[in-house]
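A quick write-up on the structure given underneath.
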């Protein structure tokens, strides 16, 4: 009897453990994308949270493969590196330029040493899950753990017996800005400010971050340090600290400088844990303290960690997948996880945030978002937000429109209230139009249209978003006026924006505007060179640029006319007029042959945005849809894996993952601003998307494969709400039907 009871107990326990392991957060691997220049990190963060607590391992040792000061480097963490110099607070994920990654918190043991070249440590037993990260520092026998709330971080250090230290380094980080201030509030608390900014070397994109840091144990001693300026001659002989880190052991008032820090010294017992809480704000020190107090409430590490995990499970659980392999589920949920990091909150718990490109402090009615890498995210990430997290997408659109209200321009690449002007185009337009077209209209539509019209029609010298607008409006294209001025790339972005704006104007009853913008959107034809069969830069006199090599520009090689890509990466980038482009190329047969050649000859770049929708373009032509199905499956398997290099390249704040998430669900928004999807075979037997009834009138959308056990890789039939449909469907029809079914060919 006892044996049977034991077996029954074990069976129940085993089933319970298996069920517990099926939470969406369990499938996320934060180490995916942390090498191969994916620029992701495994740190602790909440969905779309202001705070992230990230292991910083890109400085201080020659043993590291990559060093932030030895090359162009844009991430606080690299999987192949091995030297830890602290946890950085507030970081960017999946970007191409160095920024933030500051407020470095480091535990040590033994004699106090504040030089990061010395105090860093090798590590082992590294682990991460949504909202949590842990590492064991071999030099010190310290266990370091991190978790976060939306606006604060909490780390826990488990020390050995003896002398132990906690260091706060304000001098180092990823940012190219310098300068910080700090004051001691009590034996256990410091507060201050650090200057950040100059993203992508825009010298005026500068902003402060304010912080409050608290340790939960009174130290035996504490103080500051500051790197002293080097001296020469007799003066150098008199000052033993010149050129070195000077320890302040008796001075406890305010301190400022380019390279300063605070230290706390303890006597610890073996296994003693000390927690360090950090609150931040982009408004004030007082707000940083309020953020910390209201979000942590003095709670300890495990409680905060559990809450962060719940936040992730709630958000990731809005999409449930069944079938597929364990690896596919890991790729999918990690992709969704990456897509929910940026844009992130900017306002404090009291609603205050810094004015866009101004010095005022304003108060938001809803969530104010920041980090809009729009040249990337307008292609799929915001479409994902619209479908699955519509309340969040509406707040993002309201944030964008309010940026115009405050600054006079919609954002291009906004970062913590500053416009960095990184990349090109007018990318807010397709984001806002796409959102409106899909029924999310609770924002200031008239002001949004005013903002779009302004950037589309203002002269170039007055135009922040379209500086070459004079040529574009007068000629219908942008000529090459400097060798590497990205003229073709600029114009192609304007065409897409103008097409979306035309559709918006038409829907708002602005017929003449709609006609003008629609005609402008077809100006891409100017760039088509029959000699090469590609787009080609045009000189100011109207002739094509020569000599011309359509393959030049691969691997970020500088190339006339194009930005971060070759002519092949841009030639099919006319998502709003695919069939018109096909006619320009001589018809369907030539179009398909040429597009297939891009893949066959390795000219497709899965890591850069202009061509990521290429696989879906085949489905615009009857009989060629199989190519989309074949390519999407192959590209997912090749470029999206469960390994640290499991992204094709820079994550671009969720855009690469957005492509994977949509593609694995079986549909993709290949034309930004147009509320339609192109269909392909899902990676899973069944996908259930939990819809927000407030916006969509129903609670779920189900996508499934009717015959999942069939061995085929191609689609035999598609049914939308039980009725047969084609390979392109509208957003409205998809939501209205609530059920999309694929039948595979045997």
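Numbering (our numbering), first residue to last: 641 to 1386.
In this text, a Cβ means the ideal position worked out from N, Cα and C, and glycines have one as well.
Fair warning: this is a prediction, and the values are worked out from it, not measured in the lab.
Next on the checklist: Within the continuous alpha helix (DSSP H) that includes residue 1315, where are the two ends?
Outcome noted: Run containing residue 1315: none; DSSP gives neither H nor E here.
Item to check | Buried/exposed call for residue 652, threshold 16 Cβ in 10 Å | outcome: Because residue 652 carries a pLDDT of 47, less than 50, the predicted location of this residue cannot be relied on, and the following value inherits that uncertainty. Exposed.
Checklist entry - Just to confirm, are residue 959 and residue 976 a CB contact at a threshold of 8 Å? => result yes
Next on the checklist: Quick check on this structure: which residue in 1048, 1074 and 1069 has the alpha carbon closest to the alpha carbon of residue 1102?
Outcome noted: 1048
Item to check | Three-state secondary structure (DSSP) of residue 871 | outcome: coil
Item to check | As assigned by DSSP and simplified to three states, the class of residue 730 | outcome: coil
Checklist entry - Based on the DSSP secondary-structure assignment, which residues constitute the bridge partners of residue 913? => result 798
Next on the checklist: In chain order, what are the residue ranges of uninterrupted beta strand (DSSP E) at least 3 long that sit wholly in the region 761-834?
Outcome noted: 763-769, 772-777, 782-788, 792-799, 802-809 and 820-826
Next on the checklist: For residue 1301 and residue 1310, I'd like the C-alpha separation in whole angstroms.
Outcome noted: 13 Å
Item to check | Length of the line joining the Cα atoms of residue 1379 and residue 1354 | outcome: 20 Å
Checklist entry - In terms of alpha-carbon separation, which member of 1285, 1232, 1274 and 1237 lies closest to residue 1261? => result 1232
Item to check | As assigned by DSSP and simplified to three states, the class of residue 1144 | outcome: helix
Checklist entry - If you draw a straight line from the C-alpha of residue 1012 to the C-alpha of residue 724, how long is it? => result 30 Å
Checklist entry - Is the shortest distance between the beta-carbon of residue 742 and the beta-carbons of chain D less than 8 Å? => result Included in the structure is just one protein chain, with no chain D present.
Next on the checklist: For residue 1383, report the span of its beta strand (DSSP E) as first-last.
Outcome noted: 1379-1384
Checklist entry - Who are the near neighbours of residue 659 in its chain, counting only those whose CB is closer than 6 Å to its CB and skipping five residues on each side? => result Because the pLDDT of residue 659 is 46, which lies under 50, any placement of that residue in the model is unreliable, and the number read from its coordinates should be weighed accordingly. Correct list: empty, nothing qualifies.
Item to check | C-alpha gap between residue 1134 and residue 1161, whole angstroms | outcome: 7 Å
Checklist entry - Can you name the start and end residues of the beta strand (DSSP E) that residue 1360 belongs to? => result 1355-1360
Checklist entry - Is it buried or exposed for residue 1247, if we count other Cβ within 10 angstroms and need 16 for buried? => result buried
Checklist entry - Can the beta-carbon of residue 1340 be found less than 8 Å from the beta-carbon of residue 1330? => result yes
Item to check | residue 1206 vs residue 1186 beta-carbon contact at 8 Å | outcome: no
Checklist entry - How many whole angstroms separate the CB atoms of residue 1336 and residue 1369, which I take to be in contact at a CB cut-off of 8 Å? => result Their Cβ separation, rounded to whole angstroms, is 15 Å, which puts residue 1336 and residue 1369 out of contact at 8 Å.
Next on the checklist: Let me check understanding here. Comparing Cα to Cα, which of 805, 1119, 1104 and 1099 lies closest to residue 1110?
Outcome noted: 1099
Checklist entry - Cα separation between residue 1218 and residue 1045? => result 35 Å
Item to check | residue 1194 versus residue 1249 - alpha carbon distance | outcome: 13 Å
Checklist entry - Rounded to whole angstroms, how far is the Cβ of residue 1120 from the Cβ of residue 1179, which I believe are closer than 8 Å? => result 6 Å
Item to check | Residue from 887, 1150, 757 and 1007 with nearest C-alpha to residue 701 | outcome: 757
Item to check | Residue from 771, 1076, 999 and 1157 with nearest C-alpha to residue 1316 | outcome: 1076
Next on the checklist: Quick check for students: name the residue ranges of the alpha helix (DSSP H) that lie wholly in the region 876-936, counting only runs of 4 or more.
Outcome noted: 925-936
Item to check | Length of the line joining the Cα atoms of residue 1118 and residue 1164 | outcome: 10 Å
Checklist entry - Between the Cα of residue 1019 and the Cα atoms of 774, 1008, 1067 and 1377, which residue gives the shortest distance? => result 1067
Item to check | Assumed close pair residue 935, residue 791 - CB separation to whole angstroms, cut-off 8 Å | outcome: 6 Å
Checklist entry - Is it a yes or a no for the region 800-809 touching the region 904-916, going by three-plus beta-carbon pairs under 8 Å? => result yes
Next on the checklist: For the region 838-857 against the region 881-892, do three or more pairs of beta-carbon atoms, one drawn from each stretch, fall closer than 8 Å, so that the two count as touching?
Outcome noted: no
Next on the checklist: Just to confirm before moving on: does the CB-CB distance between residue 1383 and residue 1347 stay below 8 Å?
Outcome noted: yes
Next on the checklist: According to DSSP, is residue 1327 part of a helix, a strand, or is it coil?
Outcome noted: strand
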